[in-house]
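Our numbering numbers the first residue of the sequence shown as 2 and each following residue consecutively.
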Amino acid sequence: MKNVSRQSKPIDLIDNAEQWTAELMDAVEAYRNTGERVPSNLQERYRKDSIKDALKRMYSDQEDNNFCCYCESEIDIVDYPHIEHRKPKAPDFFPESTYEWENLHLACTKCNTQKSNQWNNDSPILDAVNDVPVSQHLIYRSKVDGVYRFGLTDRGNTTIDHTDLNRRKLLRARQRIYLDILDAIKEIVRLKDDPSVKTCKDILRNKAKGQFGSLINWSMDEWGITD
2 MKNVSRQSKP IDLIDNAEQW TAELMDAVEA YRNTGERVPS NLQERYRKDS IKDALKRMYS
62 DQEDNNFCCY CESEIDIVDY PHIEHRKPKA PDFFPESTYE WENLHLACTK CNTQKSNQWN
122 NDSPILDAVN DVPVSQHLIY RSKVDGVYRF GLTDRGNTTI DHTDLNRRKL LRARQRIYLD
182 ILDAIKEIVR LKDDPSVKTC KDILRNKAKG QFGSLINWSM DEWGITD
């Protein structure tokens, strides 16, 4: 999980979010009073191209590959990106936030499904826009069987638990990236002030814009590599 910048609010939300929310909350009130099911068409109006496109721009690398807001895996190769509600939109949780732009992110199927409607009021899951996940809340540790995420705070641990950030395939995928960049990092440290080092750093920084980017940045920091 790494920081991203929030894009401008999509036109569909500018034009419709207030009305969509009002109509949804009327249905939620009926559900709470009578148990009447909230119609899905009132809950899923966020499925608009303008909204998904804006989220894709938030969570993309220099080659326009999309990555998950939680695990940072590249999504497009094997799946379609899912619009993720950080605060669950279910009627018993935060339906009023269903169409709040600040609540929307992009996630892979596995993280989105694992998280589902989980929510911790005392230690809420991290926000990739407003929080600084790596160094403040989360770190990496390389072990024999993979690269693990460890929490530095309760919110970091919530994020790991709610999205299963240490699932086996993630451990191995991160390990492949880590081993792939380790030789380059060691070469940078060895060469120190050699002019070629700048190019090597630039290559790693560009690589860090995409899949598992926070792992690459963390690894460089751990080895004392700065700009």
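For glycine and all other residues, C-beta sits at the position ideal for the given N, C-alpha and C. On a predicted model such as this, the values are computed, not experimentally measured, just so you know.
A residue is called buried once 16 or more other Cβ atoms fall within 10 Å of its Cβ, and S136, having fewer, is exposed.
With distances taken between CA atoms, R58 lies nearest to Q8 out of N42, R33, Q8 and D146. According to the DSSP assignment, G211 belongs to no alpha helix (DSSP H), since it is labelled neither H nor E.
One Cα belongs to N218, the other to A209, and the distance between them is close to 6 Å. In the DSSP assignment, I140 forms a beta bridge with F151. Of the residues I140, N66, S124 and P82, the one whose Cα lies closest to the Cα of C112 is P82. With distances taken between CA atoms, R87 lies nearest to T164 out of T164, D54 and D62.
Under the three-state reduction of DSSP, I126 is assigned to coil, being neither helix nor strand. DSSP places L105 in the strand class (E or B) of the three-state scheme.
A Cβ-Cβ separation of about 5 Å places F68 in contact with Q212 under the 8 Å criterion.
Only buried fits V148, as 16 or more other CB atoms lie within 10 angstroms of its CB. Per DSSP, I52 is one residue of the alpha helix (DSSP H) stretching across D50 to M59. Under the DSSP definition of a beta bridge, H86 partners with L105.
Excluding five sequence positions before and after T22, the CB atoms of its chain that fall closer than 6 Å to its own CB belong to Y100, given in chain order.
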